[in-house]
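Respectively, the protein sequence lines represent chains A and B. Quick note, the first sequence lines up with residues 19 to 131 if you use our numbering. Quick note, the second sequence lines up with residues 217 to 329 if you use our numbering. Notes follow the structure.
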Amino acid sequence: GAGVSQSPRYKVAKRGQDVALRCDPISGHVSLFWYQQALGQGPEFLTYFQNEAQLDKSGLPSDRFFAERPEGSVSTLKIQRTQQEDSAVYLCASSPGPLGGYTFGSGTRLTVV
Amino acid sequence: DQQVKQNSPSLSVQEGRISILNCDYTNSMFDYFLWYKKYPAEGPTFLISISSIKDKNEDGRFTVFLNKSAKHLSLHIVPSQPGDSAVYFCAASRMDSNYQLIWGAGTKLIIKP
């Protein structure tokens with residue numbers, strides 16, 4: 019597709035449930051990023067992939083968060099045993115290289131109840 | 217500790233006038249700065265960027281100014297149009313660790329007809 023596609027757009031999870039968020043980057047984009055955006059805040063970096071290699075996962079808030087990009091294209095962000103503080107918009111972005119104006123998807127709004 | 221600050225949560229400007237959005241940063245190692253625009257329920261859209269070797273970058277109605285000594289940058293929109301109403305985010309990065317963007321909390325710009 020022409021842009022970065024994220025699914026689902028909205029997800030409501032019960033506390034303790036596992037969730038998986040999907041990102042389809044722009045075809046051919048080497049770099050892929052995940053960001054978390056809490057209400058009223060700017061996005062915060064979670065993790066970065068270059069092709070299938072996860073070069074930085076320093077922003078993942080706990081070991082309940084896991085991201086993968088096994089074939090260097092589609093990426094999945096998995097959150098295990100969700101908690102209320104995980105409620106946020108999760109944004110995925112891709113770019114041809116690591117620097118510069120990434121293209122963002124519309125995000126997945128996760129609400130943990 | 218917020219490294220990138222946008223101190224105005226909102227700004228209201230008359231259509232046709234100049235909009236000036238401000239951003240301050242604390243980390244002197246930042247050397248690349250970006251502005252993003254975000255509409256509700258959409259991901260951020262790249263607007264304009266500037267590297268620290270320049271003090272001004274212009275693209276149509278949008279100009280970004282960088283004052284390194286003051287650790288301050290601003291986005292000027294002239295003339296402001298109704299479609300400019302959105303949340304504007306300032307983001308910063310270091311080219312040597314170039315992939316991670318540090319974001320401000322955003323400023324909501326409202327253009328009045």
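Heads up, the beta-carbon is just placed ideally off N, CA and C, and yes, glycines get one too. Note that the coordinates shown come from a computational prediction; the quantities given were computed from them, not determined experimentally.
Per DSSP, A:R82 has no beta bridge partner at all. For B:I266, the uninterrupted beta strand (DSSP E) segment begins and ends at T261 to S267. When Cβ-Cβ separations below 8 angstroms define contact, B:Q219 makes no contact with chain A. When the beta-carbon positions are compared, A:Y66 and A:L73 come within less than 8 angstroms of each other.
Within chain B, the residues Y252, K254, E258, G259, P260, T261 and F262 have their CB atoms less than 9 angstroms from the CB of A:F122, given in chain order. Among the residues of the segment 59-82 of chain A, those with a Cβ less than 9 angstroms away from any Cβ of chain B are Q59, G60, P61, E62, F63, Y66, Q68, L73, D74, S76 and G77, in the order of the chain. Within chain B, the residues placing a beta-carbon under 7 angstroms from that of A:G125 are G259, ordered along the chain. For the 8 angstroms CB-CB criterion, B:S267 and B:D240 do not form a contact. Counting along the chain, no beta strand (DSSP E) covers B:N243, and no H or E run does either. Taking 8 angstroms as the CB threshold, A:F51 lines the interface with chain B.
Inclusion of A:G123 and A:Q54 in the CB contact set at 8 angstroms is not warranted, their separation being larger than that value.
Among the residues facing chain B, A:L57 is not included, as its CB has no counterpart in that chain under 8 angstroms away.
Counting only the Cα atoms, A:Y120 lies some 20 angstroms from B:G276. Taking 8 angstroms as the upper bound on Cβ-Cβ separation, chain B lies near residues L109 of the segment 87-109 of chain A.
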